[in-house]
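*Asks:* Take 52 as the starting number for the sequence shown in this note's numbering and just add one per residue. Dumping the structure here so I can ask a few things about it.
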Amino acid sequence: MRFDFSLRRLLPSRFQSSRPRVRTDRSHVTIEYPYNVCTAELWEEDASRHQETAELGKDRKWDELLAKLRDTPSLVNNGELPVADGPPIPFRTPLHYMAAGGAPEEAIEKIIEMGASKCMRTEDGRTAYDLAKSAGREANILELLKIPEEILRDEDAIAKMEAGLHSVINGRVENLIKKNKQRLPQLVLLFELCKGGRFYYPVPGMYGGFHVSCVENGIRSDSLIRICGGSEKNHFIDREGKVTLLPNAYPM
52 MRFDFSLRRL LPSRFQSSRP RVRTDRSHVT IEYPYNVCTA ELWEEDASRH
102 QETAELGKDR KWDELLAKLR DTPSLVNNGE LPVADGPPIP FRTPLHYMAA
152 GGAPEEAIEK IIEMGASKCM RTEDGRTAYD LAKSAGREAN ILELLKIPEE
202 ILRDEDAIAK MEAGLHSVIN GRVENLIKKN KQRLPQLVLL FELCKGGRFY
252 YPVPGMYGGF HVSCVENGIR SDSLIRICGG SEKNHFIDRE GKVTLLPNAY
302 PM
């Protein structure tokens with residue numbers, strides 16, 4: 052793997068498009084983690100797209116929501132963004148709204164085909180399946196929203212590795228995470244959508260971020276500030292959540 056030193060990566064997040072890059076090769080998928088930062092960290096046009104998508108979910112306008120996601124597929128796992136001086140915003144993805152709001156089976160099938168995560172959780176820890184069950188949805192809807200068996204089998208290990216990853220991120224840029232009102236990543240996406248590949252978690256103001264990848268017996272986090280030489284740090288996090296700082300080396 053190699054670093055991408057393109058101009059886009061040298062710019063602060065608010066000067067970049069909110070559309071993530073998705074890359075594939077013979078062995079894995081790489082995605083850019085869904086943006087979950089305050090609106091001030093994105094271009095106004097990009098921030099508006101996030102908020103409009105959330106409003107369509109709240110208003111149960113399923114056809115319009117699907118049309119919006121077809122136009123901007125990067126928003127399929129995003130939630131409403133917080134405002135810099137505003138109150139905390141509960142996290143719900145479009146699939147969460149559909150599961151709780153009575154969306155028809157066909158609409159749910161379509162959004163899952165677009166790449167909606169069944170495993171992402173709301174602020175209070177509920178999946179789309181949990182929301183649908185609480186809403187008394189039909190058995191066919193619940194079947195659609197079941198968490199994949201391979202994720203359930205590794206649930207405890209994923210939770211421990213996620214805690215380790217969060218400690219790494221906070222150890223480097225906790226001040227920016229708080230300033231940006233940024234949600235820490237849900238590691239389950241690495242196993243559900245990346246299929247054991249990797250994702251990139253950008254942090255506005257860092258001029259960089261965290262590349263998180265599956266490795267044998269755990270995960271690896273490679274991070275650096277792209278305008279600061281020698282800033283790269285590489286961490287291994289085992290399945291028990293133990294974090295080990297690795298020798299510095301360009302990880303990609």
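Where a beta carbon is used, it is the ideal one built from N, C-alpha and C, also for glycine.
1) According to DSSP, is SER272 part of a helix, a strand, or is it coil?
2) When DSSP labels each residue in this structure, what does ARG249 get in the three-state scheme?
3) Taking the alpha-carbon positions, what's the PHE287 to GLU267 distance?
4) Please tell me whether ASN231 and MET171 are closer than 8 Å, where the distance is taken between their beta carbons.
5) Would you mind stating whether MET212 and ARG290 have Cβ atoms separated by less than 8 Å?
6) Can you tell which of GLY256, LEU107 and ARG121 has its C-alpha closest to the C-alpha of LEU93?
7) So what does DSSP say about ILE140, is it helix, strand or coil?
8) In whole angstroms, give me the CA-to-CA distance for PRO253 and VAL134.
9) Which residues in the same chain as GLU243 place their Cβ atom closer than 8 Å to its Cβ, once the five residues preceding and following it in sequence are excluded?
10) Report the residue from GLY260, GLN233, LEU241 and LYS197 whose alpha carbon sits nearest the alpha carbon of ARG223.
11) Closest by CA to LYS109, which one among VAL294, MET149 and GLY166?
12) Between GLU206, ARG204, ASP205 and ALA179, which has its C-alpha nearest LEU193's C-alpha?
13) Determine which residues share a DSSP beta bridge with GLU96 and list them.
14) Going by DSSP in three states, ASN128 sits in which element: helix, strand or coil?
15) Can you give me the Cβ contacts of LYS184 inside the same chain, cut-off strictly under 7 Å, excluding the 5 residues immediately before and after it?
16) Could you compute how far the alpha carbon of GLU96 sits from the alpha carbon of SER125?
17) Would you list the residues sitting across from ASP289 in a DSSP beta bridge?
18) Would you list the one or two residues that DSSP bridges to VAL263?
19) Name the DSSP bridge partner or partners of LYS284?
*Replies:* Reading off the structure:
1) Counting from 1 along the sequence shown, the entry for residue 272 is found at position 221. Correct three-state label for SER272: strand.
2) As a working note, residue 249 is residue 198 in the sequence shown. Correct three-state label for ARG249: strand.
3) Here residue 287 is taken as the residue at index 236 of the sequence shown, counted from 1. Here residue 267 is taken as the residue at index 216 of the sequence shown, counted from 1. Going from the Cα of PHE287 to the Cα of GLU267 covers about 10 Å.
4) Residue 231 sits at position 180 when you count from the first residue of the sequence shown. Residue 171 sits at position 120 when you count from the first residue of the sequence shown. No. Outside cutoff.
5) Taking the first residue of the sequence shown as 1, we reach residue 212 at position 161. Taking the first residue of the sequence shown as 1, we reach residue 290 at position 239. Yes, Cβ-Cβ distance for MET212 and ARG290 is below 8 Å.
6) Here residue 93 corresponds to residue number 42 of the sequence shown, with the count starting at 1. Answer by Cα proximity: GLY256.
7) Working through the sequence shown from its first residue, we reach residue 140 at position 89. In this structure, ILE140 counts as coil in the three-state DSSP scheme.
8) Here residue 253 corresponds to residue number 202 of the sequence shown, with the count starting at 1. Here residue 134 corresponds to residue number 83 of the sequence shown, with the count starting at 1. Each residue's alpha carbon lies about 18 Å from the other.
9) On the sequence shown, residue 243 is found 192 positions in, with the first residue counted as 1. Excluding positions up to five away in sequence, the list reads SER168, LYS169, CYS170, PRO199 and ILE202.
10) As a first step, residue 223 is located in the sequence shown; it is residue number 172 there, counting from the start. For the residues GLY260, GLN233, LEU241 and LYS197, the minimum Cα distance to ARG223 belongs to GLY260.
11) On the sequence shown, position 58 is the one that residue 109 refers to. Checked all of VAL294, MET149 and GLY166; the closest Cα to LYS109 is MET149.
12) Position 142 of the sequence shown, counted from the start, is the residue given in the question as residue 193. Ranking the options by Cα distance to LEU193, first place goes to ALA179.
13) Residue numbering aside, residue 96 sits at position 45 when the sequence shown is read from its first letter. In DSSP, GLU96 forms no bridge with anything.
14) If you number the sequence shown from 1, residue 128 lands on position 77. Reduced to three states, the DSSP call for ASN128 is coil.
15) Taking the sequence shown and counting its residues from 1, the one referred to as residue 184 is at position 133. Around LYS184: LEU193.
16) Here residue 96 is taken as the residue at index 45 of the sequence shown, counted from 1. Here residue 125 is taken as the residue at index 74 of the sequence shown, counted from 1. Roughly 14 Å between the two C-alpha positions.
17) Residue numbering aside, residue 289 sits at position 238 when the sequence shown is read from its first letter. GLY269.
18) By 1-based counting over the sequence shown, the position of residue 263 is 212. Bridge partners of VAL263: PHE250 and SER272.
19) Working through the sequence shown from its first residue, we reach residue 284 at position 233. DSSP, once it has assigned bridges, lists SER274 as partnering LYS284.
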